[in-house]
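A.B. asks: Have a look at this one.
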Amino acid sequence: MNRIADILVRFESLDRRWIYLVMALAVTGALLSGLYFPDRPSDVVRPVYEHIEALPSGAPILLSLDYSPSSAPELEPMAEALTRHALLKGQPLCFISLWPTGNNMIARVVSRICTEEFPDAVEGRDWVRLGFQAGGEMLVNSLRDSLSARYELDMGGTPLSDLPALASVQGLGDFGLILSLSAGQPGLKEWILYAGDVLDVPVAGGCTGVGAPQFFPYYPLQLVGLLGALKGAAEYEAALAEGYPDDMPPVMRATRGMGPQAVAHAVIVAFILLGNLAILVARRREVGR
Numbered sequence: 005m006n007r008i009a010d011i012l013v014r015f016e017s018l019d020r021r022w023i024y025l026v027m028a029l030a031v032t033g034a035l036l037s038g039l040y041f042p043d044r045p046s047d048v049v050r051p052v053y054e055h056i057e058a059l060p061s062g063a064p065i066l067l068s069l070d071y072s073p074s075s076a077p078e079l080e081p082m083a084e085a086l087t088r089h090a091l092l093k094g095q096p097l098c099f100i101s102l103w104p105t106g107n108n109m110i111a112r113v114v115s116r117i118c119t120e121e122f123p124d125a126v127e128g129r130d131w132v133r134l135g136f137q138a139g140g141e142m143l144v145n146s147l148r149d150s151l152s153a154r155y156e157l158d159m160g161g162t163p164l165s166d167l168p169a170l171a172s173v174q175g176l177g178d179f180g181l182i183l184s185l186s187a188g189q190p191g192l193k194e195w196i197l198y199a200g201d202v203l204d205v206p207v208a209g210g211c212t213g214v215g216a217p218q219f220f221p222y223y224p225l226q227l228v229g230l231l232g233a234l235k236g237a238a239e240y241e242a243a244l245a246e247g248y249p250d251d252m253p254p255v256m257r258a259t260r261g262m263g264p265q266a267v268a269h270a271v272i273v274a275f276i277l278l279g280n281l282a283i284l285v286a287r288r289r290e291v292g293r
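Each residue of the sequence shown is one higher than the one before, starting from 5 at the first, in the working numbering.
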């Protein structure tokens, strides 16, 4: 017992490089082994899936990728899952962004999902790239009545009037759902306040883990649902696996990422417990003296 106590006391002065080493080995092992944990959609994620399922076939969806590469590990798996769902369901997707980095984020999702997983899908008919325009909330305001107020052409140079995917769309109110994947401002909040609240068009979205608390008050009156960080993306993938078991990859990106993340969290918690236990043991020894 005394030997265990001696070992615990050493944690008070443990070189932090040992912690980094254990963390690196644990995460590397989880990545190499392909460890993952089955998930299920939560009450705040499932409504997004169910809303898309309930849309009439052909109803367009606006997907705004409002993030930069630094937030892509959390938000890009959401974009891929939502894009996959829309194309499987037959809902035309309109990609847009309020961030200058948005065009590159759109290109990555289009390449990985639209062209690779859905080779029969056609740009202009099944998905459209409008891309980034400056203005933030003022851009949202100007698009309420007419997309052509700020977008005369798509990113490929095709006039909006020649895009079958937007044949039924005049302004934002004609979309069956507005989705924003947001790492900050402008982002989901602006879509809620300047589009959803004004036009009564359904709005849903996703955000980074640190940003989730500010959006929960909007649910369920102003938000259909919310995907929070990689966990929210994994839950949405679980909903897709339930609804489309024959069309999904065996393990999707967010679900695969949750394994190493769970292991990393477990290592952090273990070191916190050991550190606190070491302090308690040291204090008891001081009192005993």
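All residues carry an ideal CB built from backbone N, CA and C; glycine is no exception.
Note that the structure is predicted; figures quoted are calculated from it, not measured.
If you draw a straight line from the alpha carbon of Ala199 to that of Cys98, how long is it in whole angstroms?
C.D. replies: 16 Å
A.B. asks: Quick one, which of Glu239, Ala270, Ile23, Leu197 has its alpha-carbon nearest Met142's?
C.D. replies: Leu197
A.B. asks: Would you report the Cα separation of Ser75 and Ile276, rounded to the nearest angstrom?
C.D. replies: 27 Å
A.B. asks: Ser101 by DSSP, collapsed to three states: which one?
C.D. replies: In this structure, Ser101 counts as strand in the three-state DSSP scheme.
A.B. asks: Ordered along the chain, which non-local residues of its own chain (more than five positions away) have a Cβ less than 6 Å from that of Glu57?
C.D. replies: none
A.B. asks: Reducing DSSP to helix, strand and coil, say where Phe136 ends up.
C.D. replies: strand
A.B. asks: With 16 as the cutoff for other CB atoms within 10 Å, does Arg44 come out buried or exposed?
C.D. replies: exposed
A.B. asks: Alpha carbon to alpha carbon, how far is Val205 from Val228?
C.D. replies: 10 Å
A.B. asks: On the criterion of 16 or more Cβ atoms from any shown chain inside 10 Å, does Pro51 qualify as buried, or is it exposed?
C.D. replies: buried
A.B. asks: DSSP puts Asp70 in a beta bridge; with which residues?
C.D. replies: Ser186
A.B. asks: With distances taken from CA atoms, which of Gly209, Leu35, Ala171, Ser115 is nearest Ala233?
C.D. replies: Gly209
A.B. asks: Can you tell me which of Glu156, Pro221, Met256 puts its alpha carbon nearest to the alpha carbon of Arg116?
C.D. replies: Ranking Glu156, Pro221, Met256 by Cα distance to Arg116 puts Met256 first.
A.B. asks: Between the alpha carbons of Arg260 and Val26, how many angstroms are there, rounded?
C.D. replies: 21 Å
A.B. asks: Within 9 Å (strictly less), CB to CB, does Tyr155 reach chain B?
C.D. replies: As a matter of chain content, chain B is missing from the structure shown, which is built from one protein chain.
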